[in-house]
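Chains as they are written, first to last, in the numbering used here: chain V, 6 to 287; chain B, 474 to 755.
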Amino acid sequence: MAEALRQRSASSEPIVSAATTEPRIVLSCNDLEVRAGGTPILRCPELEVRAHGVTGVIGPSGAGKSTLLKCLNRLIELEPGLSVRGRVELDGTAVYGRRTDPARLRERIGILFQQPVVFPGSIARNVLFGLRWVRRPPRRTWPGHVQRALRAASLWDEVEYRLDRPATELSVGQRQRLCLARTLAMEPEVILMDEPTSSLDPASTEAIEGLIRRLAERHTIVLVTHDMDQARRVTDRIACVCLRDGVGVVAPSVPTATGLPDPGCRRAVEAIPGTPGRRVIP
Amino acid sequence: MRRLIDHGFTLLTGMAALAACGLLVGIAAVILERGLPALSWEFVSRAADGFGGGGVVYQIAGTVLLLLTALGVAAPTAIAVALLATVYLDRGRSRRRLTLALYALNGVPSIVFGIVGLAVFVKGLGWGKSWLAGGLVLALMILPTLTVALAERIRAVPRSYRTAASGLGLSRSAVVWSVLLPQSLGGLVSGTLLGLARAAGETAPILFTAAVFAGATLPAGVKESPILALPYHIFVLAQDSFDPAAGAALWGSATVLLALVLSLSIAALPTRLRTHEEARHG
């Protein structure tokens with residue numbers, strides 16, 4: 006897997022598949038604006054997320070990448086003082102529509118946070134957390150759900166014999182995969198990932214990146230990252246968020262291999278601390 | 474100079490802690506020294522006989538009944554008010570007003586609660602002296618303590634837990650039941666404990682509403698169903714403490730009341746320890 010990822014990273018060939026038909030648009034934003042106490046902090050004139058692929062969102066810290074992500078599943082509404090205007094659609098349905106239930110929406114659009122959040126309790130209980138409170142499956146089906154979700158998150162082999170141990174005993178990388186298993190157990194159509202590898206060691210990062218590619222075969226993934234190498238390895242398309250006059254502005258997504266067309270975005274991305282000297286994204 | 478101030482401050486805080494502990498030990502020692510000789514199985518299992526004779530079994534039963542009534546009414550109300558203040562009231566102004574009302578209620582002297590109970594339950598509703606009137610007045614009195622303790626614990630639940638649970642598709646009420654209340658159990662237990670400890674020793678609120686010195690056993694209804702209670706018993710005996718029989722019964726009753734409060738603390742200890750342990754290990 007590591008070798009494959011490295012080869013992919015080094016390759017100059019386009020990452021997008023050579024499919025002749027355009028994948029359908031699952032998520033889209035139009036004229037989205039986030040305000041903090043009346044002051045705009047993020048604008049997204051246009052963004053499209055295509056089915057069964059990984060759309061990356063890249064940009065410097067504080068530009069509003071995570072805020073954008075939270076707008077997509079209305080978690081932004083839990084942030085005090087922020088308000089959202091504009092249109093976000095999931096499969097043509099208005100995300101901010103009056104008839105849209107935020108809880109039902111979040112079942113369909115799962116999210117993985119930068120820091121893994123495990124609840125007090127066992128590994129198995131953590132996997133079942135969302136299922137038990139939202140879908141309430143019969144108790145006899147719980148072991149099956151746990152196994153499927155943990156296998157999908159590539160964690161089953163490591164925890165198979167300690168499912169009733171506290172989840173806090175796991176390493177940070179394992180906790181992140183546990184959180185992914187918990188999200189996958191809900192069988193979401195879209196998974197939002199907010200810098201899921203930022204607190205992980207290289208081995209765990211590699212494991213998660215491999216997982217993201219595999220999950221993209223069945224799910225639509227939006228990945229926030231500030232690591233351009235990671236964007237090249239993992240994403241099919243990429244959108245950039247950069248700061249203009251103190252407001253984060255999201256540029257439309259482009260195929261990762263073609264690079265960012267906007268010179269301002271390119272400069273902003275290259276200026277991210279930790280960026281190698283070479284121009285990773287042309 | 475800086476070290477001198479540091480040492481001085483350490484000494485000062487140490488002395489303050491010593492004084493507080495010394496006072497507690499002193500009070501307990503005085504009560505136990507005078508009360509233990511009066512204690513016997515007969516004392517806690519027999520009904521009172523005349524002025525200072527017999528035992529205090531109905532005083533214990535009455536006190537427990539008052540506490541259980543207060544707990545049964547105040548605990549669910551406190552949970553509802555605390556959730557309103559921390560989860561359901563989005564607007565800052567309403568939240569502040571509610572908090573202000575709770576603190577104002579906490580500052581109301583207990584005799585005022587007694588008079589209100591007299592006006593509303595005893596006379597207004599025509600209950601006469603009744604265990605239910607006393608229990609309700611005590612519930613009203615301990616409500617702020619319970620609510621504030623619980624609300625503080627709810628606010629202390631990591632925000633990431635709420636966000637993670639909401640991100641899985643849990644509705645607001647499911648987040649309350651799955652995350653906020655289980656994580657705040659310690660607050661409810663300690664708040665209840667503090668509230669009941671205060672209620673157990675209060676004489677003024679039950680003086681006009683529930684308690685009589687003699688002539689009552691276990692209540693058979695609500696109207697005109699007074700009870701005997703330890704604080705009121707101690708209050709009446711203390712007025713004639715120069716009588717040796719009354720003095721012995723007085724200190725014996727005080728010891729029983731102290732034991733009642735202490736047993737409440739000990740009963741709640743495992744829950745509090747478990748909550749602290751979980752909070753520490755995440």
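By construction, the Cβ of each residue, glycine as well, lies at the ideal position given by its N, Cα and C atoms. Predicted model, so just to flag it, every value in this text is computed and none were measured.
Exposure label - isoleucine 500/B; buried when at least 16 CB within 10 Å: Here residue 500/B refers to the residue found at position 27 when the second sequence is read from its first residue. By the neighbour-count rule (16 or more Cβ atoms within 10 Å), isoleucine 500/B is not buried but exposed.
Anticipated Cβ contact below 8 Å, valine 59/V with isoleucine 30/V, distance rounded: Residue 59/V sits at position 54 when you count from the first residue of the first sequence. Residue 30/V sits at position 25 when you count from the first residue of the first sequence. The pair is not a contact, with the Cβ atoms about 15 Å apart (cut-off 8 Å).
Beta-bridge pairing of cysteine 34/V - partner residues as DSSP gives them: One-based indexing of the first sequence puts residue 34/V at position 29. Per DSSP, Leu52/V, Val93/V.
Contact with chain V by tyrosine 634/B, beta-carbon distance below 8 Å: On the second sequence, position 161 is the one that residue 634/B refers to. It does; some Cβ of chain V falls within 8 Å.
Spatial neighbours of cysteine 76/V in its chain, beta-carbon cut-off 7 Å, leaving aside the 5 residues before and after: Start at 1 with the first residue of the first sequence, and residue 76/V comes out as number 71. Excluding positions up to five away in sequence, the list reads Leu37, Val39, Val89, Val93.
Any chain B beta carbon closer than 8 Å to valine 229/V: Your numbering for residue 229/V matches position 224 in the first sequence. Taking Cβ atoms only, chain B never reaches closer than 8 Å to valine 229/V, which makes this a no.
Helix, strand or coil at aspartate 479/B according to DSSP, with G and I counted as helix: Indexing the second sequence from 1 puts residue 479/B at position 6. If DSSP states are grouped into helix, strand and coil, aspartate 479/B belongs with the helices.
Any C-beta of chain V under 8 Å from that of serine 736/B: Here residue 736/B is taken as the residue at index 263 of the second sequence, counted from 1. Output row for serine 736/B: interface = no.
Segment contact, 8 Å Cβ cut-off, at least three pairs: the region 106 to 118 of chain V with the region 625 to 641 of chain B: yes
Helix, strand or coil at serine 513/B [DSSP, three-state]: As a first step, residue 513/B must be located in the second sequence, where it is residue number 40. Note: serine 513/B maps to coil in three-state DSSP.
Test: valine 54/V CB closer than 8 Å to a CB of chain B: Sequence index remark: in the first sequence, residue 54/V carries index 49 (1-based). By this cut-off, valine 54/V is not an interface position.
Within 8 Å, strictly: CB atoms of isoleucine 707/B and leucine 733/B: As a first step, residue 707/B is located in the second sequence; it is residue number 234 there, counting from the start. As a first step, residue 733/B is located in the second sequence; it is residue number 260 there, counting from the start. Contact: no.
Span of the beta strand (DSSP E) around leucine 613/B: For the purposes of this step, residue 613/B is taken as residue 140 along the second sequence, with counting starting at 1. Segment 604 to 629 is the alpha helix (DSSP H) holding leucine 613/B; no beta strand (DSSP E) there.
Residues bridged to serine 88/V [DSSP beta-bridge criterion]: In the first sequence, the residue the question calls residue 88/V occupies position 83. Looking at the DSSP assignment, serine 88/V forms a beta bridge with Arg40/V.
Neighbour flag for arginine 167/V against chain B, beta carbons, 8 Å: Residue 167/V sits at position 162 when you count from the first residue of the first sequence. False, the Cβ-Cβ gap to chain B never drops below 8 Å.
Neighbour flag for serine 726/B against chain V, beta carbons, 8 Å: Residue 726/B sits at position 253 when you count from the first residue of the second sequence. Not closer than 8 Å to any Cβ of chain V, the Cβ of serine 726/B fails to qualify, so no.
Residue environment, threonine 98/V, which counts as buried when at least 16 other CB atoms sit within 10 Å: Stepping through the first sequence from its first residue, residue 98/V is reached at position 93. Exposed, since its Cβ has fewer than 16 Cβ neighbours within 10 Å.
DSSP-derived helix/strand/coil call for leucine 598/B: Translated into positions along the second sequence, residue 598/B becomes position 125. Leucine 598/B: coil per DSSP, three-state reduction.
At least 3 beta-carbon pairs within less than 8 Å: the region 592 to 605 of chain B vs the region 692 to 699 of chain B: yes
Inter-residue Cα distance where the pair is phenylalanine 524/B and tyrosine 531/B: Within the second sequence, numbered from 1, the residue matching residue 524/B stands at position 51. Within the second sequence, numbered from 1, the residue matching residue 531/B stands at position 58. Straight-line Cα distance between these residues: approximately 15 Å.
Candidates Thr202/V, Ile81/V, Cys184/V, of which the one nearest alanine 157/V by Cα: The residue given as residue 157/V occupies position 152 in the first sequence. Closest option to alanine 157/V, Cα to Cα, is Cys184/V.
Three-way DSSP call (helix, strand, coil) for methionine 191/V in this model: Position 186 of the first sequence, counted from the start, is the residue given in the question as residue 191/V. In this structure, methionine 191/V counts as coil in the three-state DSSP scheme.
Glutamate 200/V classed as buried or exposed, judged by whether at least 16 other C-beta atoms fall within 10 angstroms: The sequence position of residue 200/V within the first sequence is 195, counting from 1. Buried is the call here.
Interface positions of the region 620 to 648 of chain B facing chain V (Cβ-Cβ less than 9 Å), listed along the chain: Pro631, Arg632, Ser633, Tyr634, Arg635, Thr636, Ala637, Ala638, Ser639, Gly640, Leu641, Gly642, Leu643, Ser644, Arg645, Ala647, Val648
Opposing strand residues paired with aspartate 199/V [DSSP bridges]: Position 194 of the first sequence holds residue 199/V. Its beta-bridge partners are Val229/V.
Integer-rounded CB distance, given that threonine 542/B should sit under 8 Å from glycine 608/B: Reading the second sequence from its first residue, position 135 is the one you call residue 608/B. Reading the second sequence from its first residue, position 69 is the one you call residue 542/B. So it is a contact: roughly 3 Å between Cβ atoms.
Neighbourhood of glycine 42/V by C-beta distance below 8 Å, restricted to the same chain and skipping five residues each side: Position 37 of the first sequence, counting from 1, holds the residue named residue 42/V. Within the same chain, glycine 42/V has close Cβ partners Gly86.
Residues near histidine 224/V in its chain [Cβ-Cβ closer than 6 Å; skip 5 each side]: In the first sequence, the residue the question calls residue 224/V occupies position 219. Counting only Cβ-Cβ distances below 6 Å, and skipping sequence neighbours, we find Ile196.
Span of the alpha helix (DSSP H), counted from its first residue to its last, around alanine 208/V: Here residue 208/V corresponds to residue number 203 of the first sequence, with the count starting at 1. It spans 207 to 220 - the alpha helix (DSSP H) in which alanine 208/V sits, taken as one unbroken run.
Contacting positions in the region 185 to 217 of chain V - beta carbon closer than 8 Å to chain B: Arg187, Thr188, Met191
Endpoints, the beta strand (DSSP E) within which valine 59/V is located: In the first sequence, residue 59/V corresponds to position 54, counting from 1. Where valine 59/V is concerned, the enclosing beta strand (DSSP E) stretches over 59 to 63.
Whole-angstrom C-beta distance between isoleucine 213/V and leucine 205/V, which should lie under 8 Å: On the first sequence, position 200 is the one that residue 205/V refers to. On the first sequence, position 208 is the one that residue 213/V refers to. With a Cβ gap of about 7 Å, leucine 205/V and isoleucine 213/V count as contacting.
Separation of glycine 487/B from alanine 493/B, as counted between CA atoms: As a first step, residue 493/B must be located in the second sequence, where it is residue number 20. As a first step, residue 487/B must be located in the second sequence, where it is residue number 14. If you take the alpha carbons of alanine 493/B and glycine 487/B, they lie about 10 Å apart.
9 Å Cβ cut-off: residues of chain V touching serine 651/B: The residue given as residue 651/B occupies position 178 in the second sequence. Correct list: Phe124, Phe134, Arg137, Trp138.
Residue range of the unbroken alpha helix (DSSP H) whose run includes leucine 136/V: If you number the first sequence from 1, residue 136/V lands on position 131. Segment 128 to 139, the alpha helix (DSSP H) holding leucine 136/V.
Minimum C-alpha distance to glutamate 675/B - residue among Gly720/B, Arg475/B, Leu540/B, Leu654/B: Walking along the second sequence from the start, residue 675/B turns up at place 202. Glutamate 675/B has its Cα closest to that of Leu540/B, out of Gly720/B, Arg475/B, Leu540/B, Leu654/B.
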